[in-house]
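Residue numbers (our numbering), protein chains in the order written: chain A, 781 to 908; chain B, -19 to 494.
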């Protein structure tokens, strides 16, 4: 699952994530992070056999976790299948199909919105 | 050898053999050009790309009392009205006059909305004459109540075009789309092997009067487009960069919104996606061979759009097979590619035109004059007022500071020399950072004592040989007021500030009598 972790200022100095990885069988990927001494947030993707236990641990440790229910959507009426967005996507969530249709993969998307901003026909929308 | 009349007879008889340019590549590969010239009558091409040099003539009809429109706005986008009383030309790249909308809705969007049959607000004004007394009007128009709505595009359908890359360390926004820093991506525009003018590279069949598919309707080539260039280097018989162009005309009342689209390149401007297909009569084996050109055989130069100059450095030569594969390799690094034109739509157009011809709905026309195939190359515009370079501007003598200097001393030096910016350098005069009077105030407020704790380390710089106009744009873009001038061997040579540029402009205006 993908989730935003919110760190309060007092949490910043604690090695919660290190402990999580040491103690649970999880694979953990940081997609975006913006943390400074005043706190901050981090977008993560967590999977593995003990992912659920791991999430419980993070929440117990005092980090506010909110799962991402984001949907990236291509408006097929507006999209002209040019592909201007394809090379801008940092996680290769946009691809060109065999019939040259541009396909946006919701699962891979990290919500950076570079495609939304750069689309000539404003055909891609990210809704959180 | 065949004639267009013979091909038209076969179209009428339902016997013509029509293939797309993509299919033709395979046919010639398998059977050879001679056999293909015998078997195939027409090759259809297609492209669906952003073509900024597009627009439309509209005639509104006369009001009662009549008005001689001198300023005309369609949904807030200005159209040119210096044409009699009720004629106007709306250009694709004209932005909305409403600042909050700007390039998000431009002439191209007005053209699309007209073709979609939407009502468009018309606001016009005039100075009033004895025969045209009305001075203002506000009403609505649509495609049905306009007398004429004629798309007339001065420069469309470039025969090949460069791909774009950005070698600078910041994202830039261009007519070639968003270009990521440090060669983060490549964008390209041509439909390659499907593109009309790459299938008739010496203009053996296309000219004034060639009937074409234009935005879902029948249209015509009315001559060479502006900047038509016949002198570009060729490889495999086709130009390696932007070369020939077309001027096109079509009736918007017949057009299909599926094949035309108003769009906006972010931070650049509005543009019109034009759907265009040209049928190429296979009159002989030479033409057959030309229409067999493949994506792989068409060279495309990848150019550095990070250089805001007319001639951009070539980073690499590629081809459309490579570009369309999704990535190219430059200096051992895989770089992702983006097409700006829709290959899917281009194919759709080539197939649609093919079916029109197969159904007998579309006959080929004999052009009255073929496009120029030699002796045409656009000249650049020379600016009479010489461009001033950074090292030619008079600026204050250079004063620098070191990272371990005391804030108080730095403040004194700034006051003494009445300057607001100080470059921070090392012992070799190499730039480490910059400090402004605001940084000093900030340091005092926070009780910092050393310069290195408050200086800005990521500095926007100016090179000695850059035009001052480029620096003015940079100052505006980064919302700063001064930049250190850096020499070729990376030494700090001075500072250029917004005030220096204002002073230069004042001097220019005085000289020009403005």
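Beta carbons are placed, not taken as given, at the ideal position from N, Cα and C, and that holds for glycine.
Bear in mind the structure is a predicted one, so any value in this text is a computation, not a measurement.
Can you check which of these residues, the options, is closest to residue i by C-alpha distance?
| i | options | result |
| --- | --- | --- |
| residue 153(B) | 900(A), 877(A), 807(A) | 900(A) |
| residue 383(B) | 432(B), 373(B), 122(B), 291(B) | 432(B) |
| residue 232(B) | 304(B), 12(B), 96(B) | 96(B) |
| residue 73(B) | 109(B), 453(B), 33(B) | 33(B) |
| residue 806(A) | 837(A), 858(A), 870(A) | 837(A) |
| residue 894(A) | 109(B), 27(B), 160(B) | 160(B) |
| residue 304(B) | 167(B), 273(B), 332(B) | 167(B) |
| residue 417(B) | 244(B), 38(B), 408(B), 398(B) | 398(B) |
| residue 885(A) | 904(A), 786(A), 874(A) | 874(A) |
| residue 793(A) | 823(A), 815(A), 840(A), 857(A) | 815(A) |
| residue 801(A) | 827(A), 787(A), 891(A), 817(A) | 827(A) |
| residue 111(B) | 230(B), 49(B), -16(B) | 49(B) |
| residue 221(B) | 144(B), 321(B), 254(B), 463(B) | 144(B) |
| residue 206(B) | 332(B), 138(B), 413(B) | 138(B) |
| residue 273(B) | 342(B), 478(B), 178(B), 389(B) | 178(B) |
| residue 132(B) | 8(B), 270(B), 69(B) | 69(B) |
| residue 317(B) | 368(B), 164(B), 437(B), 192(B) | 164(B) |
| residue 829(A) | 812(A), 845(A), 803(A) | 803(A) |
| residue 98(B) | 84(B), 126(B), 13(B) | 126(B) |
Using a Cβ-Cβ distance cut-off of 7 Å, determine whether residue i contacts chain A.
| i | result |
| --- | --- |
| residue 320(B) | yes |
| residue 165(B) | yes |
| residue 410(B) | no |
| residue 148(B) | no |
| residue 245(B) | yes |
| residue -15(B) | no |
| residue 229(B) | no |
| residue 96(B) | no |
| residue 128(B) | no |
| residue 138(B) | no |
| residue 69(B) | no |
| residue 241(B) | yes |
| residue 157(B) | yes |
What is the DSSP secondary structure of residue i, reduced to helix, strand or coil?
| i | result |
| --- | --- |
| residue 361(B) | coil |
| residue 335(B) | helix |
| residue 816(A) | strand |
| residue 280(B) | strand |
| residue 5(B) | helix |
| residue 73(B) | coil |
| residue 171(B) | coil |
| residue 128(B) | strand |
| residue 60(B) | strand |
| residue 789(A) | helix |
| residue 417(B) | helix |
| residue 424(B) | helix |
| residue 31(B) | coil |
| residue 829(A) | coil |
| residue 860(A) | coil |
| residue 395(B) | helix |
| residue -8(B) | helix |
| residue 226(B) | strand |
| residue 141(B) | coil |
I'd like to confirm the pairing. Which residues does DSSP put opposite residue i in its beta bridges?
| i | result |
| --- | --- |
| residue 135(B) | Its beta-bridge partners do not exist; DSSP assigns none. |
| residue 315(B) | 308(B) |
| residue 117(B) | 104(B) |
| residue 784(A) | 823(A), 846(A) |
| residue 298(B) | 280(B) |
| residue 39(B) | 67(B), 128(B) |
| residue 462(B) | 477(B) |
| residue 401(B) | 416(B) |
| residue 890(A) | DSSP, once it has assigned bridges, lists no residue as partnering residue 890(A). |
| residue 187(B) | 350(B) |
| residue 808(A) | 826(A) |
For residue i, decide whether its Cβ has a neighbour in chain B, counting only Cβ atoms nearer than 7 Å.
| i | result |
| --- | --- |
| residue 862(A) | yes |
| residue 868(A) | yes |
| residue 728(A) | There is no way to answer for residue 728(A), as the model of chain A reaches only from 781 to 908. |
field: Within 9 Å of chain B by C-beta, residues of the segment 890 to 908 of chain A in sequence order
entry: 894, 897, 898, 899, 900, 901, 902
- request: Anything in the segment 172 to 194 of chain B with a Cβ closer than 8 Å to a Cβ of chain A? List those residues in chain order, please.
  value: none
- prompt: What residues in the segment 251 to 273 of chain B have a beta carbon less than 8 Å from any beta carbon of chain A?
  reply: 251, 253
field: Members of the segment 308 to 335 of chain B that neighbour chain A once the beta carbon cut-off is set at 9 Å
entry: 315, 316, 317, 318, 319, 320, 321, 322, 323, 324, 325, 326, 327
Where the segment 28 to 39 of chain B meets chain A: residues whose CB sits under 9 Å from a CB there: 28, 29, 30
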